[in-house]
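So the sequence shown is numbered by this note's numbering: it starts at 907 and just counts up by one. In what follows, a single structure is set out as structure tokens and then discussed.
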Amino acid sequence: MTSYSSAAHATLHLRSLSKQTPRAISSSSISETPSIKLPIKKIPGDYGIPLISPLKDRLDYFYFQGRELYFKSRIQKHNSTVYRTNMPPGPFISSNPNVVVLLDGKSFPVLHDVTKVEKMNLFTGTYMPSTDLTGGFRVLSYLDPSEPKHAQLKQLLFFLLKSRRDHVIPEFHVSFTEMFEHLEAELAANGKADFSTPNDTASFGFLCRSFFGFNPVDTKLGLDGPGIISKWVLLQLGPVISLGLPWFIEDPLLHTFRLPAFIVKSDYKRLYDIFYENSDFVLDEGEKLGICKEETCHNLVFATCFNSFGGMKIFFPTLMKWIGRSGGSVQRKLAEEIRSVVRSNGGKVTMMGLEQMALTKSVVYEALRMDPPVPLQYGKAKRDIVIESHDTGFEIKKGEMLCGFQTLATRDSRIFEKGEEFVGDRFVGEKGEKLLEHVLWSNGPENGTTTLANKQCAGKDFVVMAARLLVVELFLRYDSIEIEVGTAQLGREFHSGVEEKILNPGKMAKTQCLKSFCLIEYADCWCCQGNGICHATQADCLKRC
Ligand code: HEM
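So, in structure tokens, the structure goes:
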């Protein structure tokens, strides 16, 4: 979907972080006339009885089947990865829940072709949240590239990201060092630590610091930022998510009528004011581009808090989950790769260094392939077109709504060998890199470029970099991690496919050595000589080593 509601949003409990030990350290497959003559078939499925069938489908989707089974059972029923069905919310929030779903890697990319599909007001699917939640403005994510404002606002975000690019690596280090220190204290006290809440705090702090140069904790927001954002996002996404409450309570409450925007009005104002006070350089640039300061600021709040924070809130726990599950051998190789590149760059994490980390890059892409953080995308046919799945062509009429569930498209076994399995080094090497064409998390191919003319994520490169940095920070500090995947925070349907089990519960190694800062053999630490009671600070280490 075009929203973050689809959070594969695992709550992670770290069971163990083992400190470093003494080791050395074309996309479009769509054509109006199919290139290879595939048989054109009628699209299977129907929309059933108005009102009743969309309601029944909604209950199946959220409660009686769950999202993945909702799609998969109908693939079996229709013997097709393209078919007609209803998507939530349906009555009485969206006027038309009818869609044609695309569930394979060949038909899905039509959603990226803005000459064929319109992307106006469908970021959240078949309904759009009230603009009262964004200051009365239709923010960038809801604009089609044919609207002049789209290019202006996207240009402004490119300006922001470019102006602040040198702050990304240092600010990430600051925010996530704080997070790991917090996790270590929790682990020491309780034997396990929740990842999600500290990740939220670190991600929000990192975004505010790296984009705008302020630490939210030092403002009037204090620690309230992530909580306010969650409430504000809930009002936008409530109709398309489940919180895991009993269906007869939750469905009437969340999916039948819109919750009024005034519930978060004063909280949202607190966010807006802080951003307004701290973003002069972007507000001024916006004015030069012809955008008033209010509109710029509401867009900054949305891009930072919804697009960026929402994405990191979902994706970082997912990434940790896959790293945790990838096992000792992959973790060991990651640690070796990361430490060796950092060592060869004089102990520094640099953009060039990140580029040299082939396995780290691949693991991030693989996590994005397995669990795209925003798995549903929508597009409305601009004209009559033909869409091809692997074996069949389908005629789509102008105005029909297309909906792709990306998780099935990017696990398509006719594109990816062992598509349902996490293969850490899948994208290493020339052959592996070619497959990036089919990694679609950013609303476009991973080897494509986000431009003013398309709807690919404005933060594509930023996200990939931040995710690599998380892996780097992790393995500069620890040899291995063990995780327990818990209940999803934003609803259980987003959780399907995630097993809840403890992976090798263990104890955190009690070593306190800070050798990760200087990247030397543990036993050679100038401070503790490997006895595990190192008192060195990072500054000491850098000075000495
Ligand atoms: C893990 C993090 C992120 C994920 C998973 C993500 C995903 C996406 C997706 C799927 C879309 C397309 C939605 C659609 O139209 O169907 C999108 C659009 C967008 N994203 Fe991201 N995003 C992330 C982070 C960011 C960041 C850091 C920014 C910061 C600038 C950003 C800014 C945007 C904007 C402005 C759009 C609309 C682009 C346009 O209208 O052309 N996103 N994102």
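Idealized CB from N, CA, C, for every residue including glycine. Note that the coordinates shown come from a computational prediction; the quantities given were computed from them, not determined experimentally.
Please classify Q1142 as buried or exposed, where buried requires at least 16 other C-beta atoms within 10 Å of its C-beta. Counted from its first residue, the sequence shown places residue 1142 at position 236. The residue in question, Q1142, is buried, as its Cβ has 16 or more Cβ neighbours within 10 Å.
Could you tell me which residues DSSP puts in a beta bridge with F1311? Stepping through the sequence shown from its first residue, residue 1311 is reached at position 405. DSSP lists L1282 as partners of F1311.
Those residues which DSSP pairs with K947 across a bridge: For the purposes of this step, residue 947 is taken as the residue at position 41 of the sequence shown. Note: K947 sits in a beta bridge opposite F1300.
Closest to E1033 by CA distance: which of S1000, S986, A1373, E1390 is it? Against the sequence shown, residue 1033 aligns to sequence position 127. At residue 1033 the sequence reads Tyr, which differs from the Glu that was named. For the residues S1000, S986, A1373, E1390, the minimum Cα distance to Y1033 belongs to S1000.
Residue burial classification, S935 (beta-carbon count within 10 angstroms, cutoff 16): Numbered from its first residue, the sequence shown carries residue 935 at position 29. Low confidence applies here, because S935 scores a pLDDT of 39, under 50, leaving its location unreliable; read the following figure in that light. It counts as buried.
Under 8 angstroms between C-beta atoms of V1255 and I1229: Stepping through the sequence shown from its first residue, residue 1255 is reached at position 349. Stepping through the sequence shown from its first residue, residue 1229 is reached at position 323. With contacts defined as CB atoms closer than 8 angstroms, V1255 and I1229 fail to qualify as a contacting pair.
For Y1384, the nearest candidate out of N992, D1100, Q1237, K1340 (CA to CA): Here residue 1384 refers to the residue found at position 478 of the sequence shown. Of the listed residues, the one whose Cα sits closest to Y1384 is Q1237.
So, is Q982 buried or exposed, given that buried needs 16 or more other C-beta atoms within 10 angstroms? Translated into positions along the sequence shown, residue 982 becomes position 76. Looking at its Cβ environment, which holds fewer than 16 other Cβ atoms inside 10 Å, Q982 is exposed.
Just grab the DSSP bridge partners of V1350 for me. Numbered from 1 along the sequence shown, position 444 holds the residue referred to as residue 1350. It should be pointed out that residue 1350 corresponds to Gly in this sequence rather than to Val. Its beta-bridge partners are W1347.
Coil, strand or helix - S1000 by DSSP: By 1-based counting over the sequence shown, the position of residue 1000 is 94. DSSP places S1000 in coil when its eight states are reduced to three.
By how many angstroms is the C-alpha of H1088 removed from the C-alpha of A1095? Position 189 of the sequence shown, counting from 1, holds the residue named residue 1095. Position 182 of the sequence shown, counting from 1, holds the residue named residue 1088. Taking the straight line joining both Cα atoms gives about 11 angstroms.
If you follow the alpha helix (DSSP H) that R1289 is part of, which residue opens it and which one closes it? Working through the sequence shown from its first residue, we reach residue 1289 at position 383. First-last for R1289: undefined, no H or E at that position.
For C1114, which of G1217, E1156, V1207, F1381 has the nearest alpha-carbon? Translated into the one-based positions of the sequence shown, residue 1114 becomes position 208. It is V1207 whose Cα lies nearest to the Cα of C1114.
Integer Cβ distance of D1263 from F1328, believed to fall under 8 angstroms: Translated into the one-based positions of the sequence shown, residue 1263 becomes position 357. Translated into the one-based positions of the sequence shown, residue 1328 becomes position 422. Note on identity: in this sequence residue 1263 is Met, with Asp being the wrong assignment. 18 angstroms between Cβ atoms; not a contact.
Assumed close pair L866, G1031 - CB separation to whole angstroms, cut-off 8 angstroms: Since the first residue shown for the chain is 907 and the last is 1451, residue 866 is missing from the structure and cannot be characterised.
Indicate whether at least one CB of chain C lies closer than 8 angstroms to the CB of F1221. Looking for chain C here will not work: only one protein chain is present.
Measure the Cβ-Cβ separation of P1051 and A1359 and say whether it is below 8 angstroms. Translated into positions along the sequence shown, residue 1051 becomes position 145. Translated into positions along the sequence shown, residue 1359 becomes position 453. Contact flag set, yes.
By a C-beta neighbour count over all protein chains shown, 10 Å radius and 16 as the cutoff for buried, is D952 buried or exposed? As a first step, residue 952 must be located in the sequence shown, where it is residue number 46. D952 comes out exposed.
Given a threshold of 16 other Cβ atoms within 10 Å of its Cβ, counted over all protein chains shown, does A1091 qualify as buried or as exposed? One-based indexing of the sequence shown puts residue 1091 at position 185. Looking at its Cβ environment, which holds fewer than 16 other Cβ atoms inside 10 Å, A1091 is exposed.
Out of K1137, E1272, I1220, which one is the CA nearest neighbour of N1105? Here residue 1105 refers to the residue found at position 199 of the sequence shown. Of the candidates K1137, E1272, I1220, the one whose C-alpha sits nearest the C-alpha of N1105 is I1220.
What residue range is occupied by the uninterrupted beta strand (DSSP E) comprising V1188? Translated into the one-based positions of the sequence shown, residue 1188 becomes position 282. Premise fails: V1188 lies in the alpha helix (DSSP H), 1186-1194, not in any beta strand (DSSP E).
Bridge partners for V1170 per DSSP, in chain order? Here the question's residue 1170 lines up with position 264 in the sequence shown. Per DSSP, V1170 has no beta bridge partner at all.
May I ask whether a heavy atom of the ligand HEM can be found less than 7 angstroms away from the beta carbon of N1027? To locate residue 1027, count along the sequence shown from 1; it is residue 121. No, the beta carbon of N1027 sits no closer than 7 angstroms to any heavy atom of the ligand HEM.
In the DSSP output, which residue or residues are listed as bridge partners for V1007? In the sequence shown, the residue the question calls residue 1007 occupies position 101. For V1007, which the question treats as bridged, DSSP gives the partners Y989, C1309.
Reducing DSSP to helix, strand and coil, say where I1408 ends up. Here residue 1408 is taken as the residue at index 502 of the sequence shown, counted from 1. In this prediction, I1408 has a pLDDT of 22, which is less than 50 and means its spatial position is unreliable; nothing more can be read from the coordinates.
Which residues does DSSP pair with L923 in a beta bridge? Here the question's residue 923 lines up with position 17 in the sequence shown. The partner list for L923 (beta bridge, DSSP) reads I1387.
Residues sharing a beta bridge with V1023, DSSP: As a working mapping, residue 1023 is identified with position 117 in the sequence shown. Beta-bridge partners assigned by DSSP to V1023: A1287.
Could you compute how far the alpha carbon of S924 sits from the alpha carbon of F1118? Within the sequence shown, numbered from 1, the residue matching residue 924 stands at position 18. Within the sequence shown, numbered from 1, the residue matching residue 1118 stands at position 212. Their backbone Cα atoms lie some 34 angstroms apart in a straight line.
Do you know how far the Cα of N992 is from the Cα of E1379? What you label residue 1379 is simply residue 473 of the sequence shown in a count that begins at 1. What you label residue 992 is simply residue 86 of the sequence shown in a count that begins at 1. About 43 angstroms.
Identify the continuous alpha helix (DSSP H) that holds V1056 and give its terminal residues. The sequence position of residue 1056 within the sequence shown is 150, counting from 1. Looking at the sequence itself, residue 1056 is His, so the reference to Val does not match. Per DSSP, H1056 belongs to the alpha helix (DSSP H) from 1054-1069.
E1193, buried or exposed, once every other Cβ within 10 Å from all chains shown has been counted against 16: Here residue 1193 refers to the residue found at position 287 when the sequence shown is read from its first residue. Exposed: under 16 other Cβ atoms inside 10 Å.
Which value, in whole angstroms, describes the spacing of the CA atoms of L957 and H1161? Counting from one through the sequence shown, the residue named residue 957 turns up at place 51. Counting from one through the sequence shown, the residue named residue 1161 turns up at place 255. Approximately 14 angstroms, taken between the alpha carbons.
So, at 6 angstroms on beta carbons, what are the nonlocal neighbours of A930 in its own chain, with the 5 sequence-adjacent residues on each side left out? Against the sequence shown, residue 930 aligns to sequence position 24. The predicted model places A930 with a pLDDT of 34, which falls under 50 and marks its position as unreliable, so this point remains unresolved.
Using only CA atoms, which one of S1232, V1188, P1158, N1004 lies nearest to G1305? Position 399 of the sequence shown holds residue 1305. Closest option to G1305, Cα to Cα, is N1004.
Three-way DSSP call (helix, strand, coil) for D1100 in this model: Stepping through the sequence shown from its first residue, residue 1100 is reached at position 194. Under the three-state reduction of DSSP, D1100 is assigned to strand.
In this structure, does DSSP put E1294 in helix, strand or coil? Indexing the sequence shown from 1 puts residue 1294 at position 388. Residue state, collapsed to three classes: strand.
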